[in-house]
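K.L.:
One structure coming up, written as structure tokens, with questions to follow.
There are 2 protein chains.
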Amino acid sequence: MESPYEIDADATVRRAGDHLWRGEVSDRWSIGPYPNGGYVLTIALNAIRQEVPHPDPFSVTAHYLSPPQHAPIDVEVEVIRSGRAHSTAMARMLQDGRERVRVLANYGDHSQSQGPTIVQAEPPPMPPPEELPVSDPTGPSPNGLVIAIRERFEIRPAPGTMGWARGERTGRAEVGGWLRFADGRPMDTHVLPLVADSMPPAIFDATAGGWVPTLELTVHVRARPAPGWLRCWFRTRFLVDGYLEEDGEVWDERGHLVALSRQLARLNPAPA
Amino acid sequence: MESPYEIDADATVRRAGDHLWRGEVSDRWSIGPYPNGGYVLTIALNAIRQEVPHPDPFSVTAHYLSPPQHAPIDVEVEVIRSGRAHSTAMARMLQDGRERVRVLANYGDHSQSQGPTIVQAEPPPMPPPEELPVSDPTGPSPNGLVIAIRERFEIRPAPGTMGWARGERTGRAEVGGWLRFADGRPMDTHVLPLVADSMPPAIFDATAGGWVPTLELTVHVRARPAPGWLRCWFRTRFLVDGYLEEDGEVWDERGHLVALSRQLARLNPAPA
């Protein structure tokens, strides 16, 4: 039975050969002409998950090589190792014979994880989502681009972040808030890498917005999310000579950390 | 001319075929029987750097598949993309036909980076190295293992960290201090991934020490280090069901950030 949800329709893959899968890059998850990196990664993960024996991504790294087009995309999967607790796989994403993204992923089973737990952090403080204003997906964009991906999520920005959307840049390179799919799709471990790349860049509250292409994105999926909203926080501490990291935390409604993310990106002027 | 330094001798590779390099895993960088993950990664990077046109690693990810032995190791390099500002490469590390480590790396040129700089963080506070006691590389180990890698570095632990070494666990999963090579080897961008894996696990000040095998390590090399000591800080916030992340910052003596690191690891009982 086909999923009624946007991300499942837009990131689905079908078998096209031996360890070869085919998807299509939709234009519904783009920033201007550029497909969101987390979205494109989700297509690759949908191929990998069908080749590895473990159910959850644990650590996923994507290197972005050239901007994917809104067009069919091939995903070649190599299962590198399949062990008892973990499996490791690689994927190449190709369009017109040109590689767009290279992915390395470790999969495991969060329902089987056992061992000690010590947490020395608190969820980022913010009022409950129902007390926060809805972010208008048709509101001003920080860089003049049409941002289709904004219509895919409902975001309730945390107070003191996304100041640029109100014409009042806060000066702090942080963005946070509650997030869920606009169409109500339940969260699971497979879409957490997408979530980790789905809020506006944290750097936009510290300097004039531009285009922030991801060079490399790594997401640690640490637990299966509970139903409901995700509580997200992203921060850039070091913009140096045009390069920046963005560090993310994603927590679920129970107050459990479900993902940690970090990406290396460039801050470029917005494309003309 | 051969380098007189330990890391250069122990992580060197020689050409063994088309995109094939051969090194040898030394026993001088091990924790008990296990070679340090950052050290083994350095062997792969020494192969990759000879195949890509850019001089500095920018983002490096290693997935550890099976523990390397103290023995010769093959490194197969694939240059995935070679562009104007960046090149991307992959490496497979094999012993006895079994893959041990898979590496993905983005290289660039830090001497050519241009763009805005905004830093919203301070170096971790600690007294200058000459005011701090020298960590005894022959002192007690937290897990009863012989830790050869400790003899490769001089470490001046920051006050309030490495309490386990004094029999007074601090309870905070943090470790920091000044670090340099024991043999005086100058720092450069090629050894920063090693440095990011070279301090004792931060978790040892929060719970009984064991063996902390790295599943995945990602290091962003953000600048070329100035001569002298490196100021390091590592922290684990989330040990959940036996899995932990360790986040690292490495700064140089000028007070510039030179690397950010994160690894996903397991906390296991010490091997018998």
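Line by line, the protein sequences are chains U and R. Going by this note's numbering, the first residue of the first sequence is number 340, and it counts up by one from there. Going by this note's numbering, the first residue of the second sequence is number 340, and it counts up by one from there. Backbone N, C-alpha and C define an ideal beta-carbon position, used for all residues, glycine too.
1. Would you list the one or two residues that DSSP bridges to G356 of chain R?
2. Should G587 of chain U be labelled buried (16 or more other beta-carbon atoms within 10 Å of its own) or exposed?
3. So S480 of chain U contacts chain R; which residues on that side make the cut at Cβ distance below 9 angstroms?
4. Using beta carbons (cut-off 9 angstroms, strictly below), is V458 of chain R in contact with chain U?
5. Tell me whether the region 376–394 of chain U and the region 561–574 of chain R touch, counting them as touching only if at least three CB pairs, one residue from each stretch, are closer than 8 angstroms.
6. For S474 of chain R and E507 of chain R, what's the separation of their Cα atoms in angstroms?
7. Strictly below 7 angstroms CB to CB, what residues from chain R border E555 of chain U?
8. Pick from U:L533, U:V418, U:R437, U:L603: whose alpha carbon is nearest that of R576 of chain U?
9. Among U:E513, U:T557, U:D527, U:S537, which has the Cα closest to the Cα of R574 of chain U?
10. Determine, using beta carbons only, whether P455 of chain U comes closer than 9 angstroms to chain R.
11. Going along the chain, which unbroken runs of the beta strand (DSSP E) with 3 or more residues stay wholly within the region 391–476 of chain R?
12. So, for I494 of chain U: in the same chain, excluding its five sequence neighbours on each side, which residues have a beta-carbon less than 6 angstroms away from its beta-carbon?
13. Taking the alpha carbon of E390 of chain R as the point to measure from, which residue in R:A401, R:R511, R:L359, R:T557 has its own alpha carbon closest?
14. How about T427 of chain U: is its C-beta nearer than 9 angstroms to some C-beta of chain R?
15. If you follow the alpha helix (DSSP H) that P532 of chain U is part of, which residue opens it and which one closes it?
16. Listing by chain order, which chain U residues have their CB less than 7 angstroms from the CB of E580 of chain R?
17. Taking CB distances under 9 angstroms as the criterion, tell me whether R531 of chain R reaches chain U.
18. Round the Cβ separation of L404 of chain R and R420 of chain U to the nearest angstrom and send it over; I've been treating them as touching at under 8 angstroms.
19. How would you write the range of the alpha helix (DSSP H) that I382 of chain U sits in, first residue to last?
20. Under 8 angstroms, CB to CB, which of the residues in the region 379–405 of chain U have a partner in chain R?
21. May I ask you to report which of helix, strand or coil DSSP gives D586 of chain U?
22. Can a CB atom of chain U be found closer than 9 angstroms to the CB of A512 of chain R?
23. In the DSSP assignment, find the beta strand (DSSP E) that holds I494 of chain R and state where it starts and stops.
24. D413 of chain R and L443 of chain R - do their beta-carbons sit closer together than 9 angstroms?
25. What does W553 of chain R pair with, by DSSP beta-bridge criteria?
26. By a C-beta neighbour count over all protein chains shown, 10 Å radius and 16 as the cutoff for buried, is S342 of chain R buried or exposed?
27. Could you tell me if T477 of chain U is buried or exposed, where buried requires 16 or more neighbouring beta carbons within 10 angstroms of its beta carbon?
28. In this structure, what does DSSP give as the bridge partners for Y373 of chain U?
29. Based on DSSP bridge pairs, tell me the residues matched to I486 of chain R.
30. Distance, Cα to Cα, T381 of chain U vs P372 of chain U?
31. Kindly indicate which residue of U:E592, U:S365, U:E585 has the alpha-carbon position closest to the one of L599 of chain U.
32. Express the C-alpha separation of P466 of chain U and M429 of chain R in angstroms, rounding to a whole number.
P.N.:
Reading from the atomic positions:
1. In the DSSP output, where bridge partners are listed per residue, G356 of chain R has R:L359.
2. Buried, by the Cβ-count rule.
3. What S480 of chain U touches in chain R: nothing, since even the nearest Cβ is about 20 angstroms away.
4. yes
5. Flag = no, the region 376–394 of chain U and the region 561–574 of chain R do not touch.
6. About 15 angstroms.
7. Contacts between E555 of chain U and chain R, judged by CB atoms closer than 7 angstroms, involve S398, N445 in chain order.
8. With distances taken between Cα atoms, R576 of chain U lies closest to U:L603.
9. U:E513
10. It does: the Cβ of P455 of chain U has a partner Cβ on chain R nearer than 9 angstroms.
11. Whole beta strand (DSSP E) segments, 3+ residues: 395–403, 411–421, 426–434, 437–447.
12. Taken in chain order, the residues that qualify are S474, G516, L518.
13. Among R:A401, R:R511, R:L359, R:T557, the Cα nearest to that of E390 of chain R belongs to R:L359.
14. yes
15. 531–534
16. Checking the sequence, you will find Asp at residue 580 of chain R rather than Glu. The contacting residues are S452, Q453, G454, T456.
17. Per the sequence shown, the amino acid found at residue 531 of chain R is Leu instead of Arg. So, not an interface residue.
18. By a beta-carbon distance limit of 8 angstroms, L404 of chain R contacts R420 of chain U. Their separation comes to about 5 angstroms.
19. Going by DSSP, I382 of chain U is part of the alpha helix (DSSP H) stretching over 376–387.
20. F397, S398, T400, H402, L404, S405
21. It is a strand residue.
22. yes
23. Under the DSSP assignment, I494 of chain R falls in the beta strand (DSSP E) whose first and last residues are 492–496.
24. no
25. As written in the sequence, residue 553 of chain R is Thr, which differs from the Trp given in the question. According to DSSP, T553 of chain R bridges with R:A604.
26. exposed
27. Under the 10 Å beta carbon count, T477 of chain U is surrounded by fewer than 16 other beta carbons and is classified as exposed.
28. U:I370
29. R:I370
30. 18 angstroms
31. Taking only the C-alpha atoms, the option nearest L599 of chain U is U:E585.
32. Between M429 of chain R and P466 of chain U, the C-alpha separation is close to 44 angstroms.
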